[in-house]
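Colleague:
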Amino acid sequence: MILLATASFSSAAPVKSGKTSPKYTSGSATVLGAVESRELFSGDRLFGTLDSVGGTGTWMEWDVNGVKDPSVMEVLDPMLKSSNKPKMIWVLTEREGRPLLATLLPKGAGEVLMFYELKSLDGKPEALSLNPVLNPDVVLRDYRQVNGGEYIHRDQPNLKAFISENVIRFTYEKKGEEPLVIDPEYPRKSMVEKRVVLRDFQDFFKYEYSLMLRAFVQSTRGVFNWQAWHWYMASWNSRYVLSDGELDAILTTGVTPKFFTLFRAKTAKGESIEFRTNGSGFSELLIKTKN
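Throughout, the working numbering is defined as the position within the sequence shown, counted from one, plus 778.
Set out below in structure tokens:
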């Protein structure tokens, strides 16, 4: 049985504020409410409750080994230092106004799901890096091993991971997609016409990039130093994403490449990280740990 405490939630509706026990408040965050369960939440109830608060937004799991936004840690520090540590922590950015933080805490024989509104996500941008220790049991906990270094996502069989000594490769395929084709007449278009084409391509690639992040980053744990939401922020990713100048150079060739590289980074240790799509429904994340 689930008990509502502090706030009443309705599907895809905002959380109503109310009084909350002081032990749950911290820093500049606003406590929006809580949902209590006398028993442990079932998966359906847990994620149904998150969805009822987050609406169509995507909750992203907080990584204890990732960059720590001060606004998030204002809430989490007291919990992490207490004996009643949170079991799971999520952040949601896709909402009007401020981002949300949700924490799942033990409470007696049951659990309580707490919701906070944050002032912002204010982590200082850092260069992208791989975490030094990558344990497949942690990184790929939502995947099942099918053959040697091959893994398939438990809920999305078209999402796969391949691990070898120096390469980690994730692939995702959407069948039936219309192929993306470059107009051979692009070099002869006017500047205004080129800007329209560039915007259309960039809008498409931003959508594809977000799909890749959900597939490759948000389905794994502890691969990178960035939190899942940092990948979407221009202040973090602008050094690495496909620029208008690079895209214009590709379009000017008039030839559709085998792959469009939407994100490319090289870490301080020399590892390379690339997000690529063929524009026809196939995309991959390629991580090379050594040259």
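Built from N, CA and C at the ideal position, the CB exists for glycine as well. Predicted model, so just to flag it, every value in this text is computed and none were measured.
Does the contact criterion of 3 or more C-beta pairs under 8 Å hold for the region 895-906 versus the region 1000-1020?
Modeller: yes
Colleague: Can you give me the Cβ contacts of Ser1058 inside the same chain, cut-off strictly under 8 Å, excluding the 5 residues immediately before and after it?
Modeller: Locating residue 1058 in the sequence shown gives position 280, where the first residue counts as 1. Same-chain partners within the cutoff: Glu955, Glu956, Pro957 and Leu958.
Colleague: Figure out for me which residue from Asp981, Thr1034, Leu918 and Ser806 has the closest Cα to the Cα of Ile960.
Modeller: Position 182 of the sequence shown, counted from the first residue, corresponds to residue 960. Closest by alpha carbon: Thr1034.
Colleague: Excluding the 5 residues preceding and the 5 following Trp1009 in the sequence, name in chain order all residues of the same chain whose CB lies nearer than 7 Å to its CB.
Modeller: In the sequence shown, the residue the question calls residue 1009 occupies position 231. Once the five neighbours on either side are set aside, the close Cβ partners of Trp1009 are Leu991, Val995 and Asn1015.
Colleague: Skipping 5 residues on each side, what residues in its chain have a beta carbon closer than 6 Å to that of Pro848?
Modeller: As a position in the sequence shown, residue 848 is number 70, starting the count at 1. Cβ neighbours of Pro848 beyond the five flanking positions: Asp900.
Colleague: Can the beta-carbon of Thr949 be found less than 7 Å from the beta-carbon of Glu895?
Modeller: Along the sequence shown, one-based indexing puts residue 949 at 171. Along the sequence shown, one-based indexing puts residue 895 at 117. Contact annotation: Thr949 and Glu895 have beta-carbon atoms that are not nearer than 7 Å.
Colleague: Please state whether the Cβ-Cβ distance between Ile930 and Lys938 is less than 7 Å.
Modeller: Here residue 930 refers to the residue found at position 152 of the sequence shown. Here residue 938 refers to the residue found at position 160 of the sequence shown. Yes. Within cutoff.
Colleague: Roughly how many angstroms separate the alpha carbons of Glu1024 and Arg919, rounded to a whole number?
Modeller: Taking the sequence shown and counting its residues from 1, the one referred to as residue 1024 is at position 246. Taking the sequence shown and counting its residues from 1, the one referred to as residue 919 is at position 141. C-alpha separation (whole angstroms): 36 Å.
Colleague: What is the DSSP secondary structure of Gln996, counted as helix, strand or coil?
Modeller: Start at 1 with the first residue of the sequence shown, and residue 996 comes out as number 218. Note: Gln996 maps to coil in three-state DSSP.
Colleague: Which residues does DSSP pair with Trp868 in a beta bridge?
Modeller: The residue given as residue 868 occupies position 90 in the sequence shown. The partner list for Trp868 (beta bridge, DSSP) reads Glu839 and Ala880.
Colleague: Going by beta-carbon coordinates alone, are Leu882 and Met866 separated by less than 7 Å?
Modeller: Within the sequence shown, residue 882 is the residue found at index 104, counting from 1. Within the sequence shown, residue 866 is the residue found at index 88, counting from 1. Result yes, Cβ atoms of Leu882 and Met866 sit closer than 7 Å.
Colleague: DSSP beta-bridge partners for His931?
Modeller: As a first step, residue 931 is located in the sequence shown; it is residue number 153 there, counting from the start. Per DSSP, Tyr921.
Colleague: Name, in chain order, the residues that DSSP records as bridge partners for Val945.
Modeller: One-based indexing of the sequence shown puts residue 945 at position 167. Bridge partners of Val945: Lys1066.
Colleague: Do you know offhand how far Phe1060's Cα is from Lys1036's?
Modeller: Looking up residue 1060 in the sequence shown gives position 282. Looking up residue 1036 in the sequence shown gives position 258. If you take the alpha carbons of Phe1060 and Lys1036, they lie about 11 Å apart.
Colleague: Taking the alpha-carbon positions, what's the Ser942 to Gly926 distance?
Modeller: Numbered from 1 along the sequence shown, position 164 holds the residue referred to as residue 942. Numbered from 1 along the sequence shown, position 148 holds the residue referred to as residue 926. Ser942 and Gly926 have their C-alpha atoms roughly 9 Å apart.
Colleague: For Tyr985, does the count of other Cβ atoms within 10 angstroms reach 16, so buried, or fall short, so exposed?
Modeller: Sequence index remark: in the sequence shown, residue 985 carries index 207 (1-based). Tyr985 is exposed by the Cβ-count criterion.
Colleague: By Cβ distance below 8 Å, which residues in the same chain neighbour Arg917 in space, the five residues on each side in sequence not counted?
Modeller: In the sequence shown, residue 917 corresponds to position 139, counting from 1. The question names Arg, but residue 917 is Val in the sequence shown. Within the same chain, Val917 has close Cβ partners Thr998, Arg999, Gly1000 and Val1001.
Colleague: What residue does the beta strand (DSSP E) around Met892 start on, and which one ends it?
Modeller: The count along the sequence shown starts at 1 and reaches residue 892 at position 114. Where Met892 is concerned, the enclosing beta strand (DSSP E) stretches over Gly888 to Glu895.
Colleague: State the Cα-Cα distance for the pair Pro800 and Gln934, rounded to the nearest angstrom.
Modeller: What you label residue 800 is simply residue 22 of the sequence shown in a count that begins at 1. What you label residue 934 is simply residue 156 of the sequence shown in a count that begins at 1. Reliability fails at Pro800, whose pLDDT of 41 lies under 50, so the model's placement of it is uncertain and no value is given.
Colleague: Assuming Gly821 is part of the alpha helix (DSSP H), what are its boundary residues?
Modeller: If you number the sequence shown from 1, residue 821 lands on position 43. Its alpha helix (DSSP H) spans residues Gly821 to Gly832.
Colleague: According to the neighbour-count rule (16 or more other Cβ atoms, all chains shown, within 10 Å of its Cβ), is Gly1048 buried or exposed?
Modeller: As a first step, residue 1048 must be located in the sequence shown, where it is residue number 270. Burial call: exposed.
Colleague: So, Leu870 versus Gly832, is the Cβ gap smaller than 7 Å?
Modeller: The residue you call residue 870 lines up with position 92 of the sequence shown. The residue you call residue 832 lines up with position 54 of the sequence shown. Result yes, Cβ atoms of Leu870 and Gly832 sit closer than 7 Å.
Colleague: Judging by CA-CA distance, which residue of Gly1032, Val850 and Asn843 is the nearest neighbour of Ala910?
Modeller: Sequence index remark: in the sequence shown, residue 910 carries index 132 (1-based). The question names Ala, yet the displayed sequence has Pro at residue 910. The residue among Gly1032, Val850 and Asn843 with its C-alpha nearest the C-alpha of Pro910 is Asn843.
Colleague: Would you kindly work out how many angstroms separate the C-alpha atoms of Ala1046 and Ile1065, rounded to a whole number?
Modeller: Residue 1046 sits at position 268 when you count from the first residue of the sequence shown. Residue 1065 sits at position 287 when you count from the first residue of the sequence shown. The alpha-carbon atoms of Ala1046 and Ile1065 are separated by roughly 14 Å.
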